[in-house]
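Trainee: Start counting the sequence shown at 18; every next residue gets the next number (our numbering). Backbone N, C-alpha and C define an ideal beta-carbon position, used for all residues, glycine too.
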Amino acid sequence: MPEPSFRVDKGPAERRRKETASCGRVELVCESDRMKEVVSLAERVAPTDTTVLIQGESGTGKEVLARHLHQGSPRAAADFVAINCGALAEALLESELFGHERGAFTGAVERRKGLFELADGGTVFLDEVGEMSSAMQVKVLRVLQSRELRRLGGSTLIDTDARIVAASNKDLHREVREGRFRLDLYYRLNVVLLVVPPLRERIRDIPVLVEQFSRRLAAAEDRELRAFSPDALELLAGFSWEGNVRELENVVERLLLLCEQRVVTESDVLEHTKGTVHRRPGGAGTTSVDSLEEVKRAHVIRVLRRNGGNRRLTANQLGINVKTLYNLVRRFEIEV
Ligand SMILES: Nc1ncnc2c1ncn2[C@@H]1O[C@H](COP(=O)(O)OP(=O)(O)OP(=O)(O)O)[C@@H](O)[C@H]1O
Ligand SMILES: [Mg+2]
Numbered sequence: 018m019p020e021p022s023f024r025v026d027k028g029p030a031e032r033r034r035k036e037t038a039s040c041g042r043v044e045l046v047c048e049s050d051r052m053k054e055v056v057s058l059a060e061r062v063a064p065t066d067t068t069v070l071i072q073g074e075s076g077t078g079k080e081v082l083a084r085h086l087h088q089g090s091p092r093a094a095a096d097f098v099a100i101n102c103g104a105l106a107e108a109l110l111e112s113e114l115f116g117h118e119r120g121a122f123t124g125a126v127e128r129r130k131g132l133f134e135l136a137d138g139g140t141v142f143l144d145e146v147g148e149m150s151s152a153m154q155v156k157v158l159r160v161l162q163s164r165e166l167r168r169l170g171g172s173t174l175i176d177t178d179a180r181i182v183a184a185s186n187k188d189l190h191r192e193v194r195e196g197r198f199r200l201d202l203y204y205r206l207n208v209v210l211l212v213v214p215p216l217r218e219r220i221r222d223i224p225v226l227v228e229q230f231s232r233r234l235a236a237a238e239d240r241e242l243r244a245f246s247p248d249a250l251e252l253l254a255g256f257s258w259e260g261n262v263r264e265l266e267n268v269v270e271r272l273l274l275l276c277e278q279r280v281v282t283e284s285d286v287l288e289h290t291k292g293t294v295h296r297r298p299g300g301a302g303t304t305s306v307d308s309l310e311e312v313k314r315a316h317v318i319r320v321l322r323r324n325g326g327n328r329r330l331t332a333n334q335l336g337i338n339v340k341t342l343y344n345l346v347r348r349f350e351i352e353v
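#1: In this structure, does DSSP put K187 in helix, strand or coil?
#2: In the DSSP assignment, find the beta strand (DSSP E) that holds D144 and state where it starts and stops.
#3: To which residues does DSSP link Q72 through a beta bridge?
#4: Identify the continuous alpha helix (DSSP H) that holds A59 and give its terminal residues.
#5: Given this structure, state the Cα-to-Cα distance separating V43 from R199, to the nearest angstrom.
#6: Cβ atoms of A121 and G170: under 9 angstroms apart, would you say?
#7: Below 8 angstroms on the Cβ atoms is my contact criterion, and I expect F245 with V227 to pass it. Report the Cβ-Cβ distance as a whole number of Å.
#8: State the DSSP-derived secondary structure class of A99, mapped to helix, strand or coil.
#9: For A136, which of helix, strand or coil comes out of DSSP?
#10: Taking the alpha-carbon of A94 as reference, which of I100, H85 and N101 has the nearest alpha-carbon?
#11: Cβ of A184 within 8 angstroms of any heavy atom in ligand 2?
#12: When you compare the segment 97-114 with the segment 64-78, are there three or more beta-carbon pairs, one atom per stretch, that lie closer than 8 angstroms?
#13: Could you tell me the distance, in whole angstroms, from the CA atom of L335 to the CA atom of S90?
#14: What's the gap between the Cα of T123 and the Cα of C276?
#15: Just to confirm, are A183 and F142 a CB contact at a threshold of 9 angstroms?
#16: Do E107 and L153 count as a contact pair if the criterion is CB distance below 9 angstroms?
#17: Rounded to whole angstroms, what's the CA-CA distance from E111 to V286? Just pull it up for me.
#18: Taking the alpha-carbon positions, what's the L174 to G260 distance?
#19: Quick one: measure Cβ to Cβ for D178 and G138, integer angstroms, because I've assumed they're closer than 8 angstroms.
#20: Are the Cβ atoms of L374 and V69 separated by less than 9 angstroms?
#21: 9 angstroms is my cut-off, CB to CB: does V157 come that close to chain C?
#22: If I follow the unbroken alpha helix (DSSP H) through N327, where does it start and stop?
#23: Note the first and the last residue of the continuous alpha helix (DSSP H) segment covering N261.
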């Protein structure tokens, strides 16, 4: 039997069992006001059954947000099932979503439940929903309207109580205007719209994301947490991050693998990002110099807090001398 092409996250019991094997689940972190607003809206709608549409460029964290929403909902104990609507041929997508009866098509040797059924009481995450053909759009619309479905080759109507969260890196409204996406489905999905901003518009998230990725890698490799110097962080904050958080994650991982020292410095970042990551046009021009400094400030505050205000330890971890740290604390008016 072919492997199912969707992913099922089991409820807490199963999850606990899995967690020891994998290195745990992704925890959503953010610090910028823009992202906090989005997360707070997600948390407000989480307890309801409302259908949610998440839009944002590739790699911004749409799936992380969808999982966060599921975990904050009364459905958290049931499954979160994710499917990439753009990655499957139409016939396969249909059988994955709706399931099939035995003998429904050549190769359907046994009955299989589709994900709308599997996620009963849980959440279905329709990723890249803008990639569905118009025929599939009609079929999905029907489920959203009636909360019922038939397996392929089946005649019985089956109820489904799956909450739908959809995501797209396209502007679906424009897709509607240009005739590629059905208006009625758009309205059904877009009951609540969450727009995840690109990373270059929320660079205050960079320090906390860098720390999260460093922490994850340290745990996976069973080694101590390493820090980034304030200048290294400031340099990272000035990149354009076209691949958004996913690109940042890759860069952090690469830096930690390639740099053996305790602290990742500005010159490490320069050396290991050459030709792969680009600075925002005009460097600090598009965002103000202030906001790059803000990132540096947030980073220093974070490490200081983590060390309970111990300046010697903090300076050591940041790879700067204590005097430089004092100067930064004074310049940034940091209260510890
Ligand atoms: N706020 C966040 N906190 C922690 N990790 C994050 C956050 N946002 C994104 N990530 C990490 O960045 C990577 C990309 O996130 P995700 O897969 O959710 O993005 P996406 O918007 O669904 O991307 P795509 O459009 O390519 O499918 C993941 O590995 C995730 O761990
Ligand atoms: Mg995704």
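Mentor: So, from the listed chains and residues:
#1: K187 sits in coil when the DSSP states are folded into three classes, being neither helix nor strand.
#2: In the DSSP assignment, D144 falls within the unbroken beta strand (DSSP E) covering T140 to D144.
#3: In the DSSP output, where bridge partners are listed per residue, Q72 has S185 and V212.
#4: Bounds of the alpha helix (DSSP H) holding A59 are D50 to V62.
#5: Cα to Cα, the separation comes out at about 33 angstroms.
#6: Yes, Cβ-Cβ distance for G170 and A121 is below 9 angstroms.
#7: The Cβ separation is near 6 angstroms, so the contact holds.
#8: In this structure, A99 counts as strand in the three-state DSSP scheme.
#9: In this structure, A136 counts as coil in the three-state DSSP scheme.
#10: The residue from I100, H85 and N101 with its alpha-carbon nearest to that of A94 is H85.
#11: In this structure, ligand 2 has a non-hydrogen atom nearer than 8 angstroms to the beta-carbon of A184.
#12: Note that the segment 97-114 does not touch the segment 64-78; fewer than 3 beta-carbon pairs, one per stretch, sit closer than 8 angstroms.
#13: Answer to the nearest angstrom: the Cα atoms are 39 angstroms apart.
#14: Using only the alpha carbons, I get a separation of about 54 angstroms.
#15: Closer than 9 angstroms, so yes.
#16: First, the residue type needs correcting, since residue 153 is Met and not Leu in the sequence shown. A contact, by the Cβ cut-off of 9 angstroms.
#17: Their backbone Cα atoms lie some 46 angstroms apart in a straight line.
#18: Distance between the alpha carbons of L174 and G260: 43 angstroms.
#19: So it is a contact: roughly 6 angstroms between Cβ atoms.
#20: The structure shown does not extend to residue 374, since the chain spans only 18 to 353, so no value can be given for it.
#21: Reference to chain C is not applicable here, since this structure consists of a single protein chain.
#22: Neither: N327 is in no alpha helix (DSSP H) and is coded neither H nor E.
#23: Unbroken alpha helix (DSSP H) run through N261: N261 to L275.
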